[in-house]
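Worksheet for the structure shown next.
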Amino acid sequence: MTEFDGVAMALGQALTKRGYTVLTPVQTAILAPELRDADVLVSAQTGSGKTVAFGLALAPTLLAGAERFERAREPLALVVAPTRELALQVKRELDWLYEMTGAVSASCIGGMDMGGERRALNKGAHIVVGTPGRLRDHIERGSLNVSSLRAVVLDEADEMLDL
131 MTEFDGVAMA
141 LGQALTKRGY
151 TVLTPVQTAI
161 LAPELRDADV
171 LVSAQTGSGK
181 TVAFGLALAP
191 TLLAGAERFE
201 RAREPLALVV
211 APTRELALQV
221 KRELDWLYEM
231 TGAVSASCIG
241 GMDMGGERRA
251 LNKGAHIVVG
261 TPGRLRDHIE
271 RGSLNVSSLR
281 AVVLDEADEM
291 LDL
């Protein structure tokens with residue numbers, strides 16, 4: 131038994147590489163078997179590890195029992211964050227967490243180069259992280275296909291209600 135029970139092996143390796151020895155309480159709670167494939171509302175203090183928690187929780191749904199992703203096509207997960215800074219931070223966290231799975235991520239963030247984002251989406255991405263307005267722009271222009279999504283995360287949903 132490891133301290134990362136219930137975590138996909140590749141993600142456990144990423145956690146170890148990152149210096150984790152145990153999961154935080156929110157990370158442990160989100161991995162409860164009864165929450166698998168459930169819609170969940172998580173509220174925890176800043177710095178409690180919520181981003182890694184939802185990254186861990188998404189893995190069984192996204193990987194569907196595999197250790198690595200197949201070639202990226204349409205996104206399997208969409209993470210919506212209220213601000214550019216938070217979206218960039220979330221993408222960085224998910225990039226290291228999913229590094230050993232072969233995941234490809236893309237960002238769609240207001241104020242960034244839309245052409246570069248469109249090219250990244252056209253190449254394929256397993257996980258897309260973005261801000262509401264920019265994601266809407268890409269969906270309306272047809273560059274973001276959401277038909278294959280298996281999971282959606284609304285990070286800081288309370289803040290997005292204030293937008």
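To convert, take the position in the sequence shown, counting from 1, and add 130; that gives the numbering used here. All C-beta atoms in this analysis are idealised placements derived from N, C-alpha and C, irrespective of residue type, glycine included.
1. Determine the direct distance from the alpha carbon of L153 to that of V220, and round the result to whole angstroms.
2. Between D225, D267, H256 and P262, which has its C-alpha nearest G245's C-alpha?
3. Apart from the five residues just before and just after D225, which ones in its own chain have a Cβ nearer than 7 Å to its Cβ?
4. How big is the Cα-Cα spacing for L216 and G185?
5. Under DSSP, the beta strand (DSSP E) around A298 begins and ends at which residues?
6. Give every residue of the same chain whose Cβ lies closer than 7 Å to the Cβ of A174, excluding the five residues on either side of it in the sequence, and list them in chain order.
7. Going by other Cβ atoms of all chains shown within 10 Å of its Cβ, with 16 needed for buried, is S278 buried or exposed?
Considering the structure as presented:
1. 18 Å
2. D267
3. S235
4. 15 Å
5. The requested residue 298 does not occur in the structure, where the chain is confined to residues 131 to 293.
6. V156 and K180
7. exposed
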